[in-house]
Amino acid sequence: MAQRLSGSSSQYLRQHAHQLVDWFPYGDQAFEQARLRDVPVMLSIGYSACHWCHVMSHESFDDPAIAQLLNEHFVAIKVDREEHPLVDDTYMMATQALTGAGGWPMTIFALPDGRAFHAGTYYPAAPRGKTPSFTQVLNAVSEAWESKREGLTEQADMLAGHLAELGSRQGALLSLHSALPAQQAQEAAIAHWVSATRPEGGTTPAPKFPPTWALKTLWRSVPAGGSRSDEVFNAAATTLEAMLRGGLQDHLGGGFARYCVDEQWSVPHFEKMLYDNAGLLSLCARSAVLAGEYARSATGAQQQRAEALAAAARSAALDTAGFLRREMRVAAHGAGRQALASSLDADSPRGGQSIEGAYYTFSRAELNAALDELDALPPNLLRLAEVAEDPGHYCLSLARFPNAGEERLWERLKQELGLVRAQRQRPGRDDKVIAGWNGLAIEALCEAGALLDAPELLETAEDAAEAVWQAHWDPATRRLARVSFDGKAEHSNEGTLQDYAALALGLLALDSAQERGWWTARADALLERAADFIDPETGVPRDAVQLDARLSAQRAAGAATVLDDAIPAAGALYAMALARRAVSAMADGTWNEAQAAGLERARGLTAHALALATEVPTQVATALEVQAVLNSPVQYVTVGGGQPEQLARLRRLCRLCRSLGLEVRAAKDPADPAGMLRIQGCREELCQAPVDSLERFVQTLYKH
């Protein structure tokens, strides 16, 4: 039994290989066994960093009696949601439809053909309130299978029809059209975000998920000067400050947790995911530069706030990049190449038990001992929050940013607590390499490296890109594997549209930073295959070119979501890659009909965002960012000349252009003999009159 999971590319599956449950990985063999034995299927879906997945594993799947019950009456399938996102998406829709909620671990009961008829999430080992025990659920399903099977089949039929309808609605969103022009739709989204921002940061009550993609889109809309500028800046700053001060950020080791469980952003859910840290690295690097530019035109308290935020965002970006470089790099393909692992666990050992957040939290005694090593700390600087799941242990964060005189004490406190933490066993790492998540990280490292003058981050990005390309890309089939482990890719598990698009974006970012043509050639290969993921009749993006029969029976032709979630919508990522490839071709003078067609496809894949901008802008934030690039009167910039005192800022602004989706090229005409600055904004083959002022360039830049 164990050998089915022990050699898996998924650490989550390998964590269950020791159990007496006769686990199968997801695939034809498991469902065929269920058909031959005439028993239902039980799918347990989760991921390696998931705290409650570990709890249910220890409570139930380690129990010999439960293992026997499962083996006798079910075929048990263990699914890593990160390895098989389409399986997870399909059964998550079923769980939400049946229960009104979702989460992991997810527990699905299905017919041998894969259609779900009952679902839930975590089931405790013993009844808890109105929640039955896992044993009770297993017995009830087994009894219903024997005596009420016709009803279960009817339930599966109804549910599959409902899920297919939901999938069709996703695709139908792309047909929405807005009566508002693009600029007005963008302004409506900004107005929504400004009015919805809560005093404590964010736009929703707890749990507090970082609105990464919305903030990235909002930041690009902060204009230079004027009353509206202050309003938009304050909204963006309020949320970003809360995220940087609170428990979401790991102040000692860098990087960010998945989300915070409380209103004040104090107590995180401690798992660290690569995709979260990629998005937040990009956000912090971009915010550091944009807040600094805003500070130039602000005065008084606004200027001070912007300068403090710029410094904190820069520090957080560098700390996050350091975390990725130090803790998340894994050997992926020969010659020392290193890609990035998928996650760090929420749990770690303390006192013989595995406890959520044990690595990151401190007892009162530990905190007092560290504070005793310092001079008296200023009042109202620190914030302590007790962890409800771990009484007596506290998360440490800032109540406000330290001023220059306080920074030394804050750094010393972090150093003292870091020594305490260094004695602990680190959380487990899932070394599985996911192509698309690495693509997001490669793009973020390129952006941060350029904006923050940190060339070592570009080196890390190039190393990861080469590792992923060599391990995941099959030159014979011209297909991209979604996952690899220990340098070996699962080529039978092709990447999703999200994988192709995100990795293409990462490679294009590398080419923009390094101007090495092979990265663009590789991105072109990815985009060529990604085109196959678009339904030729409807134009709707699909997660997969072809779903297996079990999933296609429960969802509409594999339609990809067109709404942002923890990761941007696949269609929006693909549109962004098409837009950036086209803009690069414009700037290079290689613009052709194929690039023009790519721009039109990008426009079609994101036009729905204009219709939804007034109601749910956060869910279409990435598509709105694509629309901002598509409708900008300036899509690339040519630069020449400049006095020495102008060049440093000019280089920083040119790098910011690239991070906002614009390309920058050296002017073909020789520079003015006197070194006069010459900046010219262009769109396709039409260029505006050049400007000779950095301030006028900033005003143009901030509008796009």
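Heads up, the sequence shown stops at 726 in my numbering, and the numbers go up one at a time, no gaps.
Even glycine gets a Cβ: it sits at the ideal position worked out from N, Cα and C.
Bear in mind that the values here come from a model prediction, so they are computed numbers and not experimental data.
Asked	Found
How far does the alpha helix (DSSP H) with K436 in it extend, from its first residue to its last?	426-444
Please classify C704: does DSSP put it in a helix, a strand, or coil?	strand
In whole angstroms, give me the CA-to-CA distance for G593 and H80.	39 Å
Report the residue from G277, A310, F384, V720 whose alpha carbon sits nearest the alpha carbon of F345.	G277
Taking the straight line between their C-alpha atoms, what separation do you get for D452 and R430?	35 Å
According to DSSP, is C75 part of a helix, a strand, or is it coil?	helix
Ends of the beta strand (DSSP E) at I561?	Residue 561 is actually Gly in this sequence, not Ile. Unbroken run through G561: none, as it is neither H nor E.
Taking the C-alpha atoms as reference points, what is the distance between L804 and A398?	Because residue 804 is not part of the residues shown, which for the chain are 23 to 726, the question remains open.
Using DSSP with H/G/I as helix, E/B as strand and the rest coil, what is Y404?	Just to set this straight, residue 404 is Leu in the shown sequence, not Tyr. DSSP places L404 in strand when its eight states are reduced to three.
Scan the stretch 357-405 and note each continuous beta strand (DSSP E) run of 3 residues or more that stays entirely inside, going in chain order.	359-362, 369-372, 375-378
Is the beta carbon of S419 less than 9 Å from the beta carbon of G268?	yes
Suppose the cutoff is 7 Å on Cβ atoms and the five residues either side in sequence are ignored; what does the same chain contact list for R728 look like?	In the structure as shown, the chain starts at 23 and stops at 726, and residue 728 therefore has no counterpart that could be examined.
Along the chain, where does the beta strand (DSSP E) containing W126 start, and where does it finish?	No beta strand (DSSP E) holds W126; DSSP gives it neither H nor E.
Grab the span of the beta strand (DSSP E) containing V97 for me, first residue to last.	97-102
Just the C-alpha distance for A334 and Q286, rounded to the nearest angstrom, thanks.	18 Å
To the nearest angstrom, how far is it from the Cα of A116 to the Cα of G193?	18 Å
Since I believe V109 is in contact with F131 (beta carbons under 8 Å), could you give me their beta-carbon distance rounded to a whole number of angstroms?	F131 to V109, Cβ: 15 Å. No contact.
Buried or exposed for N390, please, with buried defined as at least 16 other CB atoms from any protein chain shown within 10 angstroms of its CB.	exposed
Could you spell out the range, first to last residue, of the alpha helix (DSSP H) harbouring Y69?	Unbroken run through Y69: none, as it is neither H nor E.
Just to confirm the assignment, what range does the alpha helix (DSSP H) spanning E537 have?	Looking at the DSSP string, E537 is not in any alpha helix (DSSP H), and its letter there is neither H nor E.
Starting from G662, follow the alpha helix (DSSP H) in both directions and report where the run begins and ends.	Where G662 is concerned, there is no enclosing alpha helix (DSSP H), although the beta strand (DSSP E) it sits in stretches over 658-662.
Could you please give me the residues that DSSP links to C417 through a beta bridge?	A407
How would you label N460, buried or exposed, when you count the other beta carbons within 10 angstroms and need 16 or more for buried?	buried
Going by other Cβ atoms of all chains shown within 10 Å of its Cβ, with 16 needed for buried, is S28 buried or exposed?	exposed
Nearest-angstrom Cα distance between T153 and V352?	41 Å
Run through the DSSP bridge pairs and tell me what Q271 is partnered with.	F278
Taking L569 as the reference, give the member of H38, T239, A228, G517 with the closest Cα.	G517
Mind checking which residues open and close the alpha helix (DSSP H) that includes P449?	Looking at the DSSP string, P449 is not in any alpha helix (DSSP H), and its letter there is neither H nor E.
With a 10 Å radius around its C-beta and 16 neighbouring C-beta atoms as the bar for buried, classify H40 as buried or exposed.	exposed
If E293 and R280 are in contact, beta carbons under 8 Å, what's the gap, nearest whole angstrom?	5 Å
If you draw a straight line from the C-alpha of C306 to the C-alpha of L474, how long is it?	10 Å
Suppose you measure from the CA of L678 to the CA of V97; what does that come to, to the nearest Å?	54 Å
Following the continuous beta strand (DSSP E) through G142, name the residue where it begins and the one where it ends.	138-142
For A112, which residues of its own chain have a beta-carbon under 8 Å away from its beta-carbon, when the five flanking residues on both sides are left out?	According to the sequence as given, residue 112 is Thr; it is not Ala. Excluding positions up to five away in sequence, the list reads L185, L573, Q576, R577.
Decide if G379 is buried, meaning its Cβ has at least 16 other Cβ atoms within 10 Å, or exposed.	buried
Return the Cβ separation of S82 and A147 in integer angstroms, given the expectation that the two are a contact with Cβ distance under 8 Å.	6 Å
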